[in-house]
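Beneath this line is the structure, given in structure tokens, with notes to follow.
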Amino acid sequence: MPRYYVNNETTYSGDHIVHVEGCEHMPPKGKCTCLGDYSNCFDAVREAGKLFPRPNGCPHCARLSHVDAD
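The opening position of the sequence shown corresponds to residue 3 in the numbering used here, with each subsequent residue numbered one higher.
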């Protein structure tokens, strides 16, 4: 199962982006929190929602759970 991380810093729209370990867009490990191993990105984003108010999947590695900012 892939390991997921959430960025501790927000995007300009206030989202905390969830990445699969190894994503080239993932911040350094000191700037993100490990969420654990999940079989899908939806469960990882749900877990990130326990830590941050606006989690969102990475448009590159967690595309299925990514929601475009308005």
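Don't be surprised by glycine CBs; every beta carbon is placed ideally from N, CA and C.
DSSP places residue 59 within a strand segment (E or B) once states are collapsed to three. Counting only residues of its own chain and dropping the five nearest sequence neighbours on each side, residue 16 has a CB closer than 7 angstroms to the CB of 56.
DSSP, reduced to helix, strand and coil, places residue 47 within a helical segment of the structure shown. Distance check between residue 61 and each of 30, 19, 33 places 19 closest, using alpha-carbon atoms only.
Counting along the chain, residue 38 sits inside the beta strand (DSSP E) bounded by residues 34 to 39.
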